[in-house]
Amino acid sequence: MSDSTTQIQLEGNPSQREVVEQYLQRIPSESMIEEDRIAELQVEIKAQLIAKNAVIIAHYYTDPLIQALAEETGGIVSDSLEMARFGNNHPAQTLVVAGVRFMGETAKILTPEKRVLMPTLEATCSLDVGCPADEFSAFCDEHPDRTVVVYANTSAAVKARADWVVTSSIAVDVIDYLDSQGEKILWAPDKYLGAYVQKNTGADMLLWNGSCIVHEEFKAKGVLDLQKVYPEAAVLVHPESPESVVDIADCVGSTSQLIAAAVKLPQRQMIVATDQGIFYKMQQAVPDKELLIAPTGGAGASCRSCANCPWMGMNSLENLLSCLENDSNQVTVDPLIGEQAMAALGRMMSFKSS
Ligand code: SF4
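For the sequence shown, the numbering used here begins at 5 and goes up steadily by one.
Here is the structure:
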């Protein structure tokens, strides 16, 4: 990491992992859906979508059953940037956002006139949890000379404090552009993505100390060990992963970019370092290739977090139907915060990647 990059420690606060562990204890256990109930739920959801003039906008990391239903009913399965664009452009009056809370908030900010429902409002993200708006705002106040760029995985209030919002698919291009304008950057919240962007742009970046509990657990040694078994396999890595894993990748990119790389690369096997939910769409794109999940491990590993986002896993067909039937779990954003966040989001939406 260059001298121009600094990481900020949140002194006096619980560690990232402590914050996340406290939060995870509140998440109810996932209920298993009986096989014969799935078809019934699908039929009921389809009927509700028509009755409510609604469309499903699902993230790649959600349950494949939800992804399949989104596709089948004219919705979309995509990364957070395309989710935002789709919701903004689609004529449906109700958007059902299957993902995590910041995605629902982004949809609401972009289309305040629409009703935005989520299967659960409890689904958040360790990056969002680890970047409280008040602490982040104070941090920004300490560095008034820096342009504030935040990752999409943040609350509406944090976005409202930012000059720019970016997703992983355009982060390098946006920072490269800002650097060419001579701007110094304050980046939050993901330290790994920030370091990756800094390395690829040479920009002067001050980094918030946040991380994704899913991607943080991929281990370079595990990937290299797997490559000994599959020596021809390409390695695809999401840039929320640690630098040691990014360094051994054949492709580093957002979820959409990783799927595109799986198609483009000649290898027949892919070792994939991102949430396993992506395998549904990736396998569709490369039906003849073998997809292998990158190993996780170490002290922080658990069955709830190994390449499966616990919050994305809170979305199910059952709670998706419930929010439609009951008009529940409506996403609300304070209008003033929404207006302020829209300025930074608007720059993201209109930015044309090089
Ligand atoms: S996979 Fe990581 S970055 Fe994505 S929603 Fe889950 S915790 Fe957040």
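We put the CB at the ideal spot given by N, CA and C, even for glycine. In this text the structure is predicted, and so the values were computed from the model without any measurement.
- Fully enclosed beta strand (DSSP E) runs of no fewer than 3 residues occupy 273-277, 294-297 of the stretch 266-314, in order along the chain.
- For the options I282, M274, N312, G78, the alpha carbon positioned closest to that of L295 is the one of M274.
- For Y155, the uninterrupted beta strand (DSSP E) segment begins and ends at 151-155.
- Straight-line spacing of the CA atoms in D149 and K188 works out to 7 Å.
- Around the beta carbon of E221, 16 or more other beta carbons sit within 10 angstroms, so the residue counts as buried.
- For T98, the enclosing beta strand (DSSP E) has its first and last residue at 98-102.
- With a threshold of 7 Å, the Cβ atom of D279 counts as near the ligand SF4, since some heavy atom of the ligand is closer than that.
- Per DSSP, S354 is one residue of the alpha helix (DSSP H) stretching across 339-354.
- Per DSSP, L121 is one residue of the beta strand (DSSP E) stretching across 119-121.
- Between the alpha carbons of F143 and E76 lies a distance of about 45 Å.
- Beyond the five residues adjoining it in sequence on each side, L349 comes within less than 7 Å, by CB distance, of T110, I113, L114, K163, V169 in the same chain, given in chain order.
- Of the other Cβ atoms in all chains shown, 16 or more fall within 10 Å of the Cβ of G79; this residue is therefore buried.
- Your pair A298 and A277 checks out as a contact, with CB atoms roughly 4 Å apart and the cut at 8 Å.
- Taking C-beta atoms as the reference points, M316 and H63 count as a pair closer than 8 Å.
- I54: member of the alpha helix (DSSP H) spanning 39-55, first to last residue.
- Excluding residues up to 5 positions away in sequence, A238, V239, L240, A265, L269, Q271 lie with their Cβ nearer than 8 Å to the Cβ of D254 in the same chain.
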